[in-house]
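Residues 312 to 980 in our numbering are what the sequence shown spells out, letter by letter. For glycine and all other residues, C-beta sits at the position ideal for the given N, C-alpha and C. Here the structure is a predicted model, which is why all the values come from computation and not from measurement. Each remark here refers to the structure printed beneath this line.
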Amino acid sequence: VTATTAGTYYIGLSAFDNYDYDATTTGQGTGSVDPTSTGSYDLTITVENGGAPLHGTQSIVTDTTLDEGTAVDLVVVRNQTDLGPNGHTSALPASDTWIDEWSSFWVEVYVETADARSITAAVADLNYNTNFFTATTIEFGSAFAAAGEAVIDDSTGVVTGISGVANADKTGYGKKALLARVKFESLAQDDVSIDFEDKFIGPHALGLSLSNVSVSLFNDAETTLVVGDAPDTDLWAIAYDVNDDDTINYRDLIILASIYGENVLDADSPYVWALDADKSGKVDYRDLNFMASNYGVHKGGDKDVVYPSNFLQRWYGKTTDITGDSTIDQVMDEALGIWQDALGLEAVPDIQLVITNLGGTQLGEGKITAVDEEGRPVSGIVTLDDNAAGLGWYSDLDSSVFSDTDLEGGVAYSADAESAAAGHYDLLTVLLHEIGHVLGFTDTYAPFESFIQTGVGGTLTFVGSGFEATLTDDGLHLDDTVHAGDVMNATLDPGVRKLPSILDALILQSAHEAAASGSYEILVGVNAPLMANLPLVAEPPVTQVTEDEDSLVTTVASLPELSPVVFDVTSSLLTGDETVQSGLAQYFNQLLQSQGTEQGELDLTVLEGLSDEIINDLRLNGLSIVDSGKIDDSAQADLEISDLDLAGLNEEIDADFDDVFSDWAGPIL
Numbered sequence: 312v313t314a315t316t317a318g319t320y321y322i323g324l325s326a327f328d329n330y331d332y333d334a335t336t337t338g339q340g341t342g343s344v345d346p347t348s349t350g351s352y353d354l355t356i357t358v359e360n361g362g363a364p365l366h367g368t369q370s371i372v373t374d375t376t377l378d379e380g381t382a383v384d385l386v387v388v389r390n391q392t393d394l395g396p397n398g399h400t401s402a403l404p405a406s407d408t409w410i411d412e413w414s415s416f417w418v419e420v421y422v423e424t425a426d427a428r429s430i431t432a433a434v435a436d437l438n439y440n441t442n443f444f445t446a447t448t449i450e451f452g453s454a455f456a457a458a459g460e461a462v463i464d465d466s467t468g469v470v471t472g473i474s475g476v477a478n479a480d481k482t483g484y485g486k487k488a489l490l491a492r493v494k495f496e497s498l499a500q501d502d503v504s505i506d507f508e509d510k511f512i513g514p515h516a517l518g519l520s521l522s523n524v525s526v527s528l529f530n531d532a533e534t535t536l537v538v539g540d541a542p543d544t545d546l547w548a549i550a551y552d553v554n555d556d557d558t559i560n561y562r563d564l565i566i567l568a569s570i571y572g573e574n575v576l577d578a579d580s581p582y583v584w585a586l587d588a589d590k591s592g593k594v595d596y597r598d599l600n601f602m603a604s605n606y607g608v609h610k611g612g613d614k615d616v617v618y619p620s621n622f623l624q625r626w627y628g629k630t631t632d633i634t635g636d637s638t639i640d641q642v643m644d645e646a647l648g649i650w651q652d653a654l655g656l657e658a659v660p661d662i663q664l665v666i667t668n669l670g671g672t673q674l675g676e677g678k679i680t681a682v683d684e685e686g687r688p689v690s691g692i693v694t695l696d697d698n699a700a701g702l703g704w705y706s707d708l709d710s711s712v713f714s715d716t717d718l719e720g721g722v723a724y725s726a727d728a729e730s731a732a733a734g735h736y737d738l739l740t741v742l743l744h745e746i747g748h749v750l751g752f753t754d755t756y757a758p759f760e761s762f763i764q765t766g767v768g769g770t771l772t773f774v775g776s777g778f779e780a781t782l783t784d785d786g787l788h789l790d791d792t793v794h795a796g797d798v799m800n801a802t803l804d805p806g807v808r809k810l811p812s813i814l815d816a817l818i819l820q821s822a823h824e825a826a827a828s829g830s831y832e833i834l835v836g837v838n839a840p841l842m843a844n845l846p847l848v849a850e851p852p853v854t855q856v857t858e859d860e861d862s863l864v865t866t867v868a869s870l871p872e873l874s875p876v877v878f879d880v881t882s883s884l885l886t887g888d889e890t891v892q893s894g895l896a897q898y899f900n901q902l903l904q905s906q907g908t909e910q911g912e913l914d915l916t917v918l919e920g921l922s923d924e925i926i927n928d929l930r931l932n933g934l935s936i937v938d939s940g941k942i943d944d945s946a947q948a949d950l951e952i953s954d955l956d957l958a959g960l961n962e963e964i965d966a967d968f969d970d971v972f973s974d975w976a977g978p979i980l
């Protein structure tokens, strides 16, 4: 029982147990007692002076049922949430998982209590990253009336004084009541740039949080204030707006043409990473199609950017040979977290994962691409073989098939022979190994190399403070004859999981400390591979067939004698057609002039030698120029080659195009 003043209070007992009464007055009440009941009962309780309402703070998972306390939560949605007539919802709405830099969206603030019959008032400040978006509008929910004046200060990124008074009883009791919603838009001063140096498009954090939160309850009841975490809504830069001028136009198309056909692993141009939007590992006709589908879309317009279905995928390439319930992104996060804990890192390195055909028995490779001001690796590229040397990947993070107990570092755990992991290479182990190289476990990282000593017979030893480790002859791995079962061994068996050892952590920590305290010339971009220990499989017998003059059957050679087959897709109609290339260059020159742009402002040499590959792909995949229109991204996401269509050039540009080719007698793309 809680009271705000000292005194004597009464609890009346009713035979019907359904009447309200004034607890400060003896016998006060309404209604009558059942005549068959006899006797009278008064229970007297003396209560000491009560304290002021208690407002503590804590955080909870937003989808849990509120059993006690008062919750204040944020959600991020592109469209306003549909609520009941009294401004309530039974559960906290789900936030959108991601938005792009040209999106407009709403941040909705909800309140709920389990400690009183009603919330009477609430106030909060909303903080946001003002570099990305601008708060433009504040709307209160129907359950609250505005109290005071909320102020948007975009210079500091704060909406202060979001204050409301409840319009009715039972506000926020057992349900989420919308206090207010704030609209955010991308205005001229707002920008999310592509980081070409670090090859980073996203995700960024919106920087949302609540501060100065206060909630008042009916009868000033005590409560613990539970302020929810900001939603995990990711923010991405517009990949197709390569030059960051807030519109997808001919300038961006020129850049795509200049790197068309390039591979993300081999390309020197940073644009390749941005424009391979479908994460295939190569800028190809699908990327060209999506670029054209979005041609003319701009910030503040009425059209949304269309993305491939796997745009949020954090890795490039593809693999169809994978077993397990965990996604590649989940396994990568787990591997990064394991190394972060092992080394005590404040932040995990930025790893770009690429999946491609490495060939032979190579499972993966890792390389450092950047270090911080103290020489410690902060980013790198990890490359994995697409089919794990032919045996396929096992991705499940559940380790129960490897051991009944928690796994320890420095031990090789073999999967149960009947499990799905048996016979496949463990994805977590390979990622841990390659991230170890990115973190500096390689003699090409100068601070690591400074600890290596050459012994008798050329044996390489990493000599740290109070410990030693024997390395392989190339200085890239731990010798498995001395350090068997270590994740940093040079080879891996199928169906085996390993975690980093204490020795691995000591080696990397020593290298990082040396980097911070010394002066080293650090090389980046050098690969360190991991090789597969493939099980021996008997070769099938080969039947020799004699070829006669009239037979279509030829001799079948043994496998090692077969040469790889390369399919070269070309078109005799357009290959090397300088007239077409010249015409396209002329078109872009005229387009620049029509836009009032000097030719010197853009490098048009990329168009003078427009690649045969892009021309062939345009023709062979049936791409044509049509009027722009609304694109259904669900249909665009997984197009067949025959379905592709270069859409999106607006009428003005179409007219320029027609002028250029009005006398053209050759093929029209």
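- Per DSSP, reduced to three states, the secondary structure at A456 is strand.
- By the beta-carbon neighbour count (other beta carbons within 10 angstroms, threshold 16), E657 is exposed.
- Per the C-alpha coordinates, the member of D545, D589, I449, S527 positioned closest to G518 is D545.
- Look at R808 here: in three-state DSSP terms it is strand.
- For S761, no beta strand (DSSP E) encloses it, and the DSSP letter there is neither H nor E.
- For P396, the number of other beta carbons within 10 angstroms of its own is below 16, and it is reported as exposed.
- Approximately 5 Å separates the beta-carbon atoms of V807 and A723; this is inside 8 Å, confirming the contact.
- In the three-state reduction of the DSSP assignment, Q500 falls in the coil class.
- By the 16-neighbour rule on beta-carbons within 10 angstroms, N442 is exposed.
- Restricting attention to beta strand (DSSP E) runs no shorter than 3 residues, the stretch 715–772 encloses them at 763–765, ordered along the chain.
- Residue pairing of V616 in beta bridges, as defined by DSSP: absent, with no partner found.
- Ranking G766, H748, L664 by CA distance to the CA of G592 puts L664 first.
- Under DSSP, no beta-bridge partner is assigned to R428.
- Annotation for W626: the continuous beta strand (DSSP E) segment containing it runs 626–628.
- For the options A477, T408, V526, A479, the alpha carbon positioned closest to that of T381 is the one of V526.
- Each of A681, G539, Y582, D709 was checked against the Cα of D555, and the nearest Cα belongs to Y582.
- Here L718 is near S710, since their CB atoms are less than 9 Å apart.
- Residue state for L674 is assigned as strand, using DSSP reduced to three classes.
- P805 sits away from G747, with the two beta carbons spaced by 9 Å or more.
- If you look at A568, you'll find it isn't in any beta strand (DSSP E); it sits in the alpha helix (DSSP H) that goes 561–569.
- Between the stretch 687–698 and the stretch 741–759 there are three or more inter-stretch CB-CB distances shorter than 8 Å, so the stretches are counted as touching.
- Around the CB of A585, 16 or more other CB atoms lie within 10 Å, so the residue is classed as buried.
- Between L803 and T740 the beta-carbon gap is near 6 Å, inside 8 Å, which marks them as a contact.
- In its chain, beyond the 5 residues on either side, W704, S706 have a beta carbon closer than 6 Å to the beta carbon of I633.
- In the three-state reduction of the DSSP assignment, W650 falls in the helix class, which pools H, G and I.
- Rounded to the nearest angstrom, the Cβ distance from G721 to I818 is 12 Å, too far for a contact under 8 Å.
- Taking one beta carbon from each stretch, the stretch 534–552 and the stretch 469–483 have fewer than 3 pairs nearer than 8 Å; the two do not touch.
- For T792, same chain residues with a beta-carbon under 6 Å away, outside a window of 5 residues either side, do not exist.
- In the structure shown, the three-state DSSP call for A541 is coil.
- Spatial neighbours of E760 in its own chain (CB-CB distance under 8 Å, excluding positions within 5 residues in sequence) are listed in chain order as D754, G786.
- Partner residues in the beta bridge of I473, as assigned by DSSP, are A435.
- Fewer than three beta-carbon pairs drawn from the stretch 680–689 and the stretch 635–647 are found closer than 8 Å, and the two stretches are therefore not classed as touching.
- Using a 10 angstroms sphere on the CB of G648, the tally of other CB atoms stays under 16, which defines it as exposed.
- Relative to the Cα of D407, the nearest Cα in the group E419, T400, H823 belongs to E419.
- Of L490, F416, N560, I430, the smallest CA-CA separation from S497 is found for F416.
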